[in-house]
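Protein chains in written order, with my numbering: chain A, 9 to 261; chain B, -4 to 242. In what follows, a single structure is set out as structure tokens and then discussed.
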């Protein structure tokens, strides 16, 4: 269970997030949507403490951090529970796909190399990536890189995986493979928080949807109801505007 | 006076025995420069402000003082103030002087190498909960080393040539031997051309070795089109066609 209370983030004098209160049940999928520059990515980065909060608190199960008492040990505690998948993949360029996936096991859990290799290979296989295990990131397509980065994120079995616009940097024809990989995770007992512009995907996969605008949560509820053109809230207007601009197609309306 | 080919060719067997000393001085000074440079780069990047200021002063001073002056300060000057340095061999003084001087250049090169590593690499490491040390040693350093390698190689090339200044401290290396031979025969042109060719040859050899090392280290970062396996990527498939689990 993720609990966020009165969270605020400030860049200098500018408040980027304000008064964020959030509860994300264990094993659920939450989609964060909203216009560009609304603070979605900052919210996600703050959940992983890549961005430190200026106010409020974040708790994942028994690990908790308060903006007034930020300590390295507490940051590490939160990060043992959660990890992040980045828009730009951020695979370690000097390691092969396999070594990338092995790295959390070897560097954190001190798993023996042989064991780590076996586990990492099994996860790569799950994602249909065993053939490219020995390749370096630069030789992989964007879709493959993102799937390797998802494999790297889940190999150490974190409770929470945070996805920051995982398909935004991909060519359209590569998006499907990555979304399938994420959908596969949604069937497991992993709590997922996804910042995405893939509204239809979010509608199908997410339990809960959150609409962020100007650094605040302005709408929140069941994904299937909220992420539709037929609702009443701010979020429905947003989805409608995307449909009208021809940016997305939303099924079931 | 004509160019004396036979004298010229006979110079090489006399000069070549001094190559090992030149190479030894260059390598020893480079090791010193790399160790000092790496340690001070870490201070410059990660230590408290006052220490960073001291490193900036170090870089400024040792880049600003001519190498010859620095060698004289170390070999002739230091023993006057600190008697413990009396009797230090000239070769050691030359190595120390060249090493310290080049370390100042390497600090700038290493700093640029480290800061040019993509911030996303560090964030990925942090997100995966790696310790700072693990991120630095396993992710940043290998990538930074590759970034810094060409410029570090250039530093070694200039260091190799600057070992010729050690003759001013009385070290008999290639250049000093050439000077002795030239004084004896008064055939300055032949001798110094021969000396120059030997330095050139050493540097060509080193440059070739460095290129080979760079080629090996760069392999992971080279995009080879043929290596991209697109067979697994659905061409135009849409995820919703693939029967996602409905929630």
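Yeah, the Cβ is synthetic: ideal placement off N, Cα and C, and Gly gets one too.
Own chain partners of residue i with C-beta closer than 6 Å, once the 5 adjacent residues on each side are dropped
i	result
residue 10 of chain A	32, 68
residue 63 of chain A	16, 75
residue 48 of chain A	40, 42, 203, 220
residue 213 of chain A	37, 191, 194
residue 9 of chain B	none
residue 228 of chain A	218
residue 82 of chain A	73
residue 80 of chain B	73, 74
Beta-carbon gap between residue i and residue j smaller than 8 Å
i	j	result
residue 243 of chain A	residue 17 of chain A	no
residue 52 of chain A	residue 134 of chain A	no
residue 135 of chain B	residue 109 of chain B	yes
residue 129 of chain A	residue 123 of chain A	no
residue 159 of chain A	residue 131 of chain A	yes
residue 60 of chain A	residue 223 of chain A	no
residue 161 of chain A	residue 169 of chain A	yes
residue 119 of chain B	residue 100 of chain A	yes
residue 182 of chain A	residue 150 of chain A	yes
residue 163 of chain B	residue 37 of chain B	no
For residue i, the nearest candidate out of the options (CA to CA)
i	options	result
residue 85 of chain B	B/161, B/-4, B/200	B/161
residue 165 of chain A	A/251, A/235, A/90	A/90
residue 93 of chain B	B/176, B/29, B/192, B/1	B/29
residue 175 of chain B	B/13, B/1, B/201	B/13
residue 217 of chain B	A/99, A/145, A/12, A/109	A/145
residue 27 of chain B	B/154, B/71, B/201	B/154
residue 98 of chain A	A/153, A/245, A/112, A/70	A/153
residue 53 of chain B	B/205, B/97, B/165	B/97
residue 17 of chain B	B/152, B/0, B/62, B/74	B/152
residue 234 of chain A	A/216, A/66, A/121	A/216
Contact set between residue i and chain A, taken where Cβ atoms lie within less than 9 Å
i	result
residue 134 of chain B	100, 101, 102, 103, 111
residue 47 of chain B	What residue 47 of chain B touches in chain A: nothing, since even the nearest Cβ is about 22 Å away.
Where residue i meets chain A, residues with beta-carbon distance less than 7 Å
i	result
residue 124 of chain B	84, 87, 88, 116
residue 115 of chain B	94, 96, 98
residue 129 of chain B	115
Partners in chain B for residue i, counting only beta-carbon separations shorter than 7 Å
i	result
residue 246 of chain A	Near residue 246 of chain A there are no residues of chain B at all, since even the closest Cβ is about 21 Å away, more than 7 Å.
residue 58 of chain A	118, 121, 122
8 Å contact criterion, which residue i and residue j should meet: CB distance rounded
i	j	result
residue 45 of chain A	residue 199 of chain A	Not really, about 26 Å apart at Cβ, beyond 8 Å.
residue 102 of chain B	residue 39 of chain B	6 Å
residue 116 of chain A	residue 125 of chain B	7 Å
residue 212 of chain B	residue 141 of chain B	5 Å
residue 88 of chain B	residue 70 of chain B	4 Å
residue 104 of chain A	residue 163 of chain A	No, residue 104 of chain A and residue 163 of chain A are not in contact; Cβ-Cβ is about 14 Å, not under 8 Å.
Sequence-distant residues of the same chain with beta carbon closer than 7 Å to residue i, five excluded per side
i	result
residue 233 of chain B	With a pLDDT of only 38 at residue 233 of chain B, under the threshold of 50, the placement of this residue in the model should not be trusted; the figure read from the coordinates follows. There are no such residues.
residue 156 of chain B	194
residue 33 of chain B	105
Contacts around residue i, its chain only, beta-carbon distance under 8 Å, and the 5 residues preceding and following it disregarded
i	result
residue 220 of chain B	Annotation note: pLDDT 48 at residue 220 of chain B (below 50); position unreliable, no value reported.
residue 58 of chain A	92
residue 114 of chain B	none
Where residue i meets chain A, residues with beta-carbon distance less than 8 Å
i	result
residue 74 of chain B	Per Cβ cutoff of 8 Å: no residues; residue 74 of chain B is ~46 Å from chain A at best.
residue 137 of chain B	102
Under 8 Å from the C-beta of residue i: neighbouring residues of chain B
i	result
residue 146 of chain A	215, 216, 217, 218
residue 91 of chain A	122, 123, 124
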